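A.B. asks: Residue numbering for the sequence shown follows full-length UniProt numbering, starting at 1 and increasing by one per position.
All residues carry an ideal CB built from backbone N, CA and C; glycine is no exception.
Here the structure is a predicted model, which means the values were calculated and not measured.
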Amino acid sequence: MTEGTERLTSRLAKVDHYEFQSKLTAHASEEKIIILALVDKAFLDMTFNFYETSIQKFNITNYLFIASDHQACDTLLAKNIHCYVYMTDPNANKATIFRSFAFNQKMNIRTFLILDALKFGFTILHTDVDIIFLNNPLRDLYSSVDGDLACLSDTGSCNAGFVLHQAV
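1) Across the region 24 to 37 and the region 67 to 78, are there enough close Cβ pairs to call them in contact, namely three or more that are closer than 8 Å?
2) For V129 versus A37, is the C-beta spacing smaller than 8 Å?
3) Flag this pair as yes or no: are the beta carbons of I33 and N59 separated by less than 8 Å?
4) Go to T123, then tell me how far its beta strand (DSSP E) extends in each direction, as first and last residue.
5) The alpha helix (DSSP H) spanning A72 covers which residue range?
6) Can you tell me which of the three DSSP states H17 falls into?
7) Work out the CA separation of H82 and L76 for me, nearest whole Å.
8) Could you tell me the alpha carbon to alpha carbon distance between F50 and K14, rounded to whole angstroms?
9) Going by DSSP in three states, L164 sits in which element: helix, strand or coil?
10) Can you tell me where the alpha helix (DSSP H) holding F48 begins and where it ends?
11) Confirm, please, whether the CB-CB distance from M87 to I114 is below 8 Å.
12) Measuring CA to CA, which of T25, G121, V39 is closest to residue 169?
13) Does DSSP put V35 in a helix, in a strand, or in coil?
14) For the alpha helix (DSSP H) that contains L134, what are its first and last residues?
15) In the structure shown, what three-state DSSP assignment does A28 receive?
16) Would you kindly work out how many angstroms separate the C-alpha atoms of F20 and L141, rounded to a whole number?
17) Can you name the residues that DSSP bridges to L64?
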């Protein structure tokens, strides 16, 4: 096991799964559908922009920002914006370079929180905060069982910045 993997495993062991499930339950719809976005101190400005232009604008209430540091979460909570610290990240105060070790650590946190939410029976719309909703996407995603969802690809690989994960 590499040193980085050991650190991530150590932080994962500290996740309070009961508290995480309680936060999801408190903020999800009755159908257990929730919008999740991983945020940190480095992207707080973008998080506020996403909140104002996409969450608040369309009166979306079943969302939860998942912060990887307490300072970012405290800042959001001070403005009555739903937030929970799932797992801390030592690189939360700076932007990371795509595919770097630090970037991959952030993406691993995202993967673990999505897997845990699915284990608890939630359907998750995971979104990055560098997008803008043109309307409430949950209405469109659930309006027709015959609908299709296409995935944006970046240079041959799928982009995971806006993905619906459905519990089965």
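C.D. replies: Taking the coordinates as given:
1) no
2) yes
3) For I33 and N59, no; Cβs fall outside 8 Å.
4) 123 to 127
5) 70 to 78
6) helix
7) 7 Å
8) 29 Å
9) Strand at L164.
10) 44 to 50
11) no
12) This structure leaves residue 169 out entirely; the chain is present only between 1 and 168.
13) Residue identity differs from the one stated: residue 35 is Ile in this sequence, not Val. Correct three-state label for I35: strand.
14) Note, L134: premise wrong, no alpha helix (DSSP H); not H, not E.
15) coil
16) 25 Å
17) DSSP, once it has assigned bridges, lists L36 as partnering L64.
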